[in-house]
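Student:
There are 2 protein chains.
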Amino acid sequence: MAPKKWKWYRKQSVNGTDRKSRLGVLISGSGTNLQAIIDACEAGRINAEVVCVISNKASAFGLERAAKHGIPAIHLDHRNFAGRPEYDAELVKTLNSHSVELVILAGFMRIVTPTLLNAFNNRVMNIHPALLPAFPGIDAQKQALEYGVKVSGCSVHFVDAGTDTGPVILQSVVPVLENDTVETLSERIHVEEHKLYPEAVRLFCEGRLSVEGRRVRIS
Amino acid sequence: MAPKKWKWYRKQSVNGTDRKSRLGVLISGSGTNLQAIIDACEAGRINAEVVCVISNKASAFGLERAAKHGIPAIHLDHRNFAGRPEYDAELVKTLNSHSVELVILAGFMRIVTPTLLNAFNNRVMNIHPALLPAFPGIDAQKQALEYGVKVSGCSVHFVDAGTDTGPVILQSVVPVLENDTVETLSERIHVEEHKLYPEAVRLFCEGRLSVEGRRVRIS
């Protein structure tokens, strides 16, 4: 059986102008990847705009980043909901109210459920600080150092129901150095993340990504 | 508890000349990595010599490569032994009869047992065509393509009792391209293997590798 194919057909505006794609970013903390994506949009490297930023934590600095750029910054406290599906239903409602086309997880420390994934099928992206499938889950850099790999990096992937198991869009590699600590390795990977994530979003917004089985094709 | 440390102290010759390390290579097939290591030794890039090549298959082309370079080429048929430990005991006997210091698995399609590993503790190396811990075991390139990674490569590691789980010495990265097949990806990885394996052997022979926990330190 041929693998299932999927492609996002970007809706053009009726008058044919180069309409910007609408991005929703979910965060829990500092939001450095959010900042990288906002910057890429504002510089015109991505033909898109971040139309809302949602955090499950009130203290997330990323909310301040959003506000500074005039982007709606929304705190949705997961503790106010009965469970994950209920929380995700509210996320979907909020994202839809801003006509979000692509959902970007940027340090969002929550497991997302089919409630969100089905609403945004192959339109939820995440970045992970390791060369998946190596070192999924938390503390990826620590896992890498403990295993003793000589290279690591980061992976942007579409999110599926598993933990960091979705189709890989882009990966970037860094060396692991002799005296690396979790901090020094994380810092080296961060530099790559801030280039890789905007690049993956750009490819998506240009309609150049398709998913075949679990391979992401870039046209 | 501090991780267990291990280092191979290379025995110098009594008269202080730059004695060559003695390598034993185990193969089952063509032996292209064997050839790369022979070439590196003959060119003086590694201060070592391959003192015996052992194959479990009579038809392995690597045996011809060895003979061509005047290296003892030994066929040890695993089918003549009651089981893996018995076969490995014969391997140890043969390797010791040639005073082998480092055992190099180069496409040796046999699981090795503690009988060999204990006799050559942290002195058995293998190369694997993936960025371990991703895609261990057989058909690594096929696994990588099916997973849909954007980078792969090869890993030289010390062999332990698991399948491709031992401490990683060196890794090299290649891109996975849009239209790659198992063949094209394998070919790209092979080019890296033929550089990486001699380099790992060189570091070992120069006494520059130590193992701390499961991290390989390069001095």
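Listed in order, the protein sequences are those of chains A and B. Per this note's numbering, residue 1235 is the first one in the first sequence, and the count goes up by one each step. Per this note's numbering, residue 1235 is the first one in the second sequence, and the count goes up by one each step. Note that the Cβ used here is the ideal one computed from N, Cα and C, for glycine as well.
Is it true that the CB of residue 1379 (chain A) sits closer than 8 Å to the CB of residue 1350 (chain A)?
Tutor: Taking 8 Å as the Cβ cut-off, residue 1350 (chain A) and residue 1379 (chain A) do not qualify as a contacting pair.
Student: Tell me, to the nearest whole angstrom, how far the beta carbon of residue 1336 (chain B) is from that of residue 1435 (chain B); I am working on the premise that it is less than 8 Å.
Tutor: About 7 Å; that satisfies the 8 Å criterion.
Student: Exposed or buried, what is residue 1427 (chain A) when buried is set at 16 or more other beta-carbons lying within 10 Å of its beta-carbon?
Tutor: Buried, since its Cβ has 16 or more Cβ neighbours within 10 Å.
Student: Residue 1443 (chain A) by DSSP, collapsed to three states: which one?
Tutor: In this structure, residue 1443 (chain A) counts as strand in the three-state DSSP scheme.
Student: Does the Cβ of residue 1371 (chain A) have 16 or more other Cβ atoms within 10 Å, making it buried, or fewer, making it exposed?
Tutor: The residue in question, residue 1371 (chain A), is exposed, as its Cβ has fewer than 16 Cβ neighbours within 10 Å.
Student: For residue 1424 (chain B), which of helix, strand or coil comes out of DSSP?
Tutor: Helix, per DSSP.
Student: Once you ignore the five residues that flank residue 1310 (chain B) on each side, which residues in its own chain have a CB closer than 8 Å to its CB?
Tutor: Around residue 1310 (chain B): 1288, 1289, 1290, 1321, 1324, 1325 and 1328.
Student: Just to check my reading of the structure: residue 1364 (chain A) and residue 1261 (chain A) have Cβ atoms closer than 8 Å, yes? What is that Cβ distance to the nearest angstrom?
Tutor: Not really, about 20 Å apart at Cβ, beyond 8 Å.
Student: Who are the Cβ neighbours of residue 1267 (chain B) in its own chain at under 7 Å, not counting the five residues just before and after it?
Tutor: Result list for residue 1267 (chain B): 1340, 1341, 1361, 1427, 1428 and 1431, in chain order.
Student: Report yes or no: do the segment 1380–1391 of chain B and the segment 1403–1415 of chain B share at least 3 C-beta pairs separated by less than 8 Å?
Tutor: Yes, since at least three Cβ pairs between the segment 1380–1391 of chain B and the segment 1403–1415 of chain B fall closer than 8 Å, the two stretches touch.
Student: Give the secondary structure of residue 1392 (chain A) by DSSP, where H, G and I count as helix, E and B as strand, and everything else as coil.
Tutor: If DSSP states are grouped into helix, strand and coil, residue 1392 (chain A) belongs with the strands.
Student: According to DSSP, which residues form a beta bridge with residue 1449 (chain A)?
Tutor: A:1446.
Student: Per DSSP, residue 1307 (chain A) is paired with what?
Tutor: A:1287, per the DSSP bridge assignment.
Student: So, are the CB atoms of residue 1352 (chain A) and residue 1240 (chain A) less than 8 Å apart?
Tutor: No, these two residues do not count as a Cβ contact at 8 Å.
Student: State yes or no: is the C-beta of residue 1384 (chain B) within less than 8 Å of the C-beta of residue 1409 (chain B)?
Tutor: It is a contact, given that the beta carbons lie within the stated cut-off.
Student: Report all residues from its chain with a CB closer than 8 Å to the CB of residue 1248 (chain B); omit the five preceding and five following residues, and keep chain order.
Tutor: Bear in mind that a pLDDT of 43 at residue 1248 (chain B), under 50, signals an unreliable position, so the model cannot answer this.
Student: What's the call for residue 1252 (chain A), buried or exposed, on a 16-neighbour Cβ count within 10 Å?
Tutor: Flag for residue 1252 (chain A) reads exposed.
Student: What does a CB cutoff of less than 8 Å around residue 1270 (chain A) pick up in its chain, not counting 5 residues either side in sequence?
Tutor: Excluding positions up to five away in sequence, the list reads 1427, 1428, 1429, 1431 and 1432.
Student: Using the DSSP secondary-structure output, state which residues sit across from residue 1434 (chain B) in a beta bridge.
Tutor: Paired residue(s): none; residue 1434 (chain B) is not in a bridge.
Student: Assuming residue 1326 (chain A) is part of the alpha helix (DSSP H), what are its boundary residues?
Tutor: First-last of the alpha helix (DSSP H) with residue 1326 (chain A): 1318–1331.
Student: Give me, in chain order, the residues of the same chain whose beta-carbon lies closer than 7 Å to that of residue 1254 (chain A); leave out the 5 immediate sequence neighbours on both sides.
Tutor: Result list for residue 1254 (chain A): 1281, 1282 and 1283, in chain order.
Student: According to DSSP, which residues form a beta bridge with residue 1406 (chain B)?
Tutor: Note: residue 1406 (chain B) sits in a beta bridge opposite B:1388.
Student: Quick check: is the beta carbon of residue 1412 (chain B) nearer than 8 Å to any beta carbon in chain A?
Tutor: Taking Cβ atoms only, chain A reaches closer than 8 Å to residue 1412 (chain B), which makes this a yes.
Student: Flag residue 1307 (chain A) as yes if its beta-carbon sits less than 8 Å from any beta-carbon of chain B, otherwise no.
Tutor: So no, residue 1307 (chain A) is outside the interface.
Student: Taking only beta carbons into account, state which residues of the segment 1371–1382 of chain A come closer than 8 Å to chain B, listed in chain order.
Tutor: Per Cβ criterion, the list reads 1379, 1380, 1381 and 1382.
Student: So which residues of chain B does residue 1451 (chain A) contact, with C-beta pairs closer than 7 Å?
Tutor: Chain B residues near residue 1451 (chain A): 1412.
Student: Figure out for me which residue from A:1413, A:1304 and A:1446 has the closest Cα to the Cα of residue 1412 (chain B).
Tutor: Looking at the Cα atoms, A:1446 is the closest of the given residues.
Student: Identify which residue in A:1437, A:1331 and A:1449 has its Cα closest to the Cα of residue 1415 (chain B).
Tutor: That would be A:1449, whose Cα lies nearest to the Cα of residue 1415 (chain B).
Student: With a cut-off of 8 Å on the beta carbons, I'd call residue 1333 (chain A) and residue 1256 (chain A) a contact; round off their distance for me.
Tutor: With a Cβ gap of about 5 Å, residue 1333 (chain A) and residue 1256 (chain A) count as contacting.
Student: Give the DSSP-derived three-state secondary structure of residue 1313 (chain B) in the structure shown.
Tutor: Residue state, collapsed to three classes: helix.
Student: Anyone know if the C-beta pair for residue 1345 (chain A) and residue 1258 (chain A) falls short of 8 Å?
Tutor: No, the Cβ-Cβ distance between residue 1345 (chain A) and residue 1258 (chain A) is not below 8 Å.
Student: Excluding sequence positions up to five away, which residues of its chain have a Cβ less than 6 Å from the Cβ of residue 1398 (chain A)?
Tutor: Taken in chain order, the residues that qualify are 1362, 1366 and 1370.
Student: The beta strand (DSSP E) with residue 1296 (chain A) in it runs from where to where?
Tutor: Residue 1296 (chain A) -> not in any beta strand (DSSP E); alpha helix (DSSP H) instead, spanning 1295–1302.
Student: Is the CB of residue 1405 (chain B) under 8 Å away from at least one CB in chain A?
Tutor: It does; some Cβ of chain A falls within 8 Å.
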